[in-house]
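Report on the structure given below.
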Amino acid sequence: MFRDGADRDSLPRLRPAALVPRLPGRAARCRIRDGGRRRRGAGDGLAGSDQPAGAARRGDLRLRRRRGGASSERPAPRERGRGDRRPLRPGGAALLVVGAGAVRGARPHRCGGHPGGADRGTLRQRAPDPRAQSRARGGRGGLPPAIALNPKPMPIQAKQLLALQELDSRLAELTRRREGLDDGTALKKAAAAAAVQLAAAEKRLQNLEAEQRAAELELKSVEEKKAHEERRLYSGRITVPRELQAIEQEIAMLGRQRGRLDEKILLLMDEVESWSAEVARLRTAAAEARQTWETHYKRYVATARRLDAEIAAVRQQRAEVAAQIEPAVLRAYDDIRSRAGGIGAVRLTGNLCSGCRTNVSVVLARQVEAADRYVRCESCNRFLLPDPDAEE
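Following our numbering, the numbering of the sequence shown begins with 1 at its first residue and continues without gaps.
Printed below as a string of structure tokens:
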């Protein structure tokens, strides 16, 4: 009797098939021949306890298929599992693959079987584990990714981070004011330009005055020479008419020259007077511009010194507060602040992030309220810290 209760004597007598040796890690081939025909009797092959479990039932199914009890339609091909039988090769040969990936302790199937038979076994696939899938994606059991910096719950340094953020904001404001101070460069350039204009006007006035003095000296010389010729003409010592006529012509020429010099001197006097007024105006403007620049520069120096002192004090306070924070947290905070407009840690007011002004999830808000790990905003990636004023 077979294990499944099938009567061995009731089955057709066929030549017993060869046993399939178990070769772990390698493929084994066996040929089953029955008079050159590709068929085998149900239940033939292994006898007694050496027969694989379910062999009798497979033999019954084959027998029913031959007698027409089963449908002759070939079922649709299925995905081959580990240990499945391959279809027979032409010529009555069947293959059985026994590989290293086979299940330990499982018996290999007998070679053969009807091609495309409906009794092929399938592998039972295990349902995927949601927690394993979550770990494979890098999450933490369904929590939002990249939220906590420290995986283990521990008290966070919320007050220190908020104090550090306030000092950094104060330092950024002082630095901005210090860099935005007007050192009076424009006023200095204006004063220098006024001084240049004054120098040019003074030089022009000096040239006009020099030209006027030269014209006056020339006029004086012409007048003296004219007076000398007139004295010769009226002295009575010259009696020759030709000489008298020459003296008269000389006196007339000196008179015309005197007239031209008089006109020139008058024009020069007008220009000197005008340029004198311009020089006086430019001198006053240059003095005022210089005074304005000097006053502004003194105020700038005083303000710059005060801001430099405040910046130094804030930097000292920041160094003291930063020394109280963990190095890893401090590096993460500085990295976030450099990429988020100088703000790396913000308060959570209710469910509202005070950095990006967006509402966070309830799970994230509860984690922030727990204050046992460093939590980041889902939108701006800044550190979300509980509000100390709200806790008090």
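No residue lacks a Cβ here, since even glycine has one placed at the ideal position from N, Cα and C.
As the structure is a computational prediction, the values presented were derived from the model and not from experiment.
Identity of the residues DSSP links to residue i by a beta bridge
| i | result |
| --- | --- |
| residue 353 | 348 |
| residue 207 | According to DSSP, which records beta bridges pairwise, residue 207 is partnered with nothing at all. |
Residues near residue i by beta carbon distance below 8 Å, same chain, minus five either side
| i | result |
| --- | --- |
| residue 208 | 268, 271, 272, 275 |
| residue 325 | 157, 160, 161, 164, 333 |
| residue 314 | 167, 170, 171, 174 |
| residue 182 | 296, 300 |
| residue 340 | 355, 380, 381, 382 |
Pair within 8 Å by beta-carbon distance, residue i and residue j
| i | j | result |
| --- | --- | --- |
| residue 353 | residue 384 | yes |
| residue 186 | residue 286 | no |
| residue 265 | residue 212 | yes |
| residue 293 | residue 184 | yes |
| residue 251 | residue 238 | no |
| residue 318 | residue 167 | yes |
| residue 302 | residue 191 | no |
| residue 229 | residue 261 | no |
Straight-line gap, residue i to residue j (C-alpha atoms, nearest Å)
| i | j | result |
| --- | --- | --- |
| residue 386 | residue 365 | 9 Å |
| residue 226 | residue 254 | 6 Å |
| residue 142 | residue 165 | For residue 142, the pLDDT reaches just 37, beneath the cut-off of 50, and the residue's location in the model is therefore unreliable, although a value from the coordinates is still provided. Their backbone Cα atoms lie some 31 Å apart in a straight line. |
| residue 243 | residue 223 | 21 Å |
| residue 220 | residue 256 | 14 Å |
| residue 350 | residue 330 | 25 Å |
| residue 210 | residue 231 | 32 Å |
| residue 345 | residue 307 | 25 Å |
| residue 214 | residue 278 | 22 Å |
| residue 304 | residue 298 | 10 Å |
| residue 189 | residue 309 | 29 Å |
| residue 328 | residue 193 | 56 Å |
| residue 372 | residue 338 | 25 Å |
| residue 316 | residue 204 | 59 Å |
| residue 322 | residue 362 | 31 Å |
| residue 291 | residue 320 | 44 Å |
| residue 241 | residue 263 | 33 Å |
Residues of its chain near residue i, where Cβ-Cβ distance is below 7 Å and the 5 sequence neighbours each way are ignored
| i | result |
| --- | --- |
| residue 311 | 171, 174, 175, 178 |
| residue 146 | Low local confidence applies: a pLDDT of 38 at residue 146 is under 50, so the model's placement there is unreliable, with the coordinate-based value given in what follows. If we look at residue 146 and ignore the five residues flanking it on each side, its Cβ neighbours are 376. |
| residue 216 | 265 |
| residue 358 | 379 |
| residue 236 | none |
| residue 258 | 219, 222, 223, 226 |
| residue 153 | For residue 153, the predicted structure reports a pLDDT of 45, less than 50, and the residue's modelled location is therefore unreliable. The matter cannot be settled from this model. |
| residue 245 | none |
Spatially closest choice to residue i from the options, by CA coordinates
| i | options | result |
| --- | --- | --- |
| residue 379 | 259, 368, 323, 360 | 360 |
| residue 283 | 201, 374, 381 | 201 |
| residue 370 | 348, 382, 381 | 348 |
| residue 198 | 236, 217, 281 | 281 |
| residue 336 | 304, 188, 381, 261 | 381 |
| residue 249 | 233, 262, 260 | 233 |
Own chain residues within Cβ distance below 6 Å of residue i, not counting five before or after
| i | result |
| --- | --- |
| residue 367 | 375 |
| residue 342 | 172 |
| residue 71 | Residue placement at residue 71 is poorly supported in this model, since its pLDDT is 48, which falls under 50; the coordinates still yield a value, given next. Hits under 6 Å: none found. |
8 Å Cβ cutoff, residue i in contact with chain B
| i | result |
| --- | --- |
| residue 311 | Looking at the structure shown, chain B is missing, and only one protein chain is on hand. |
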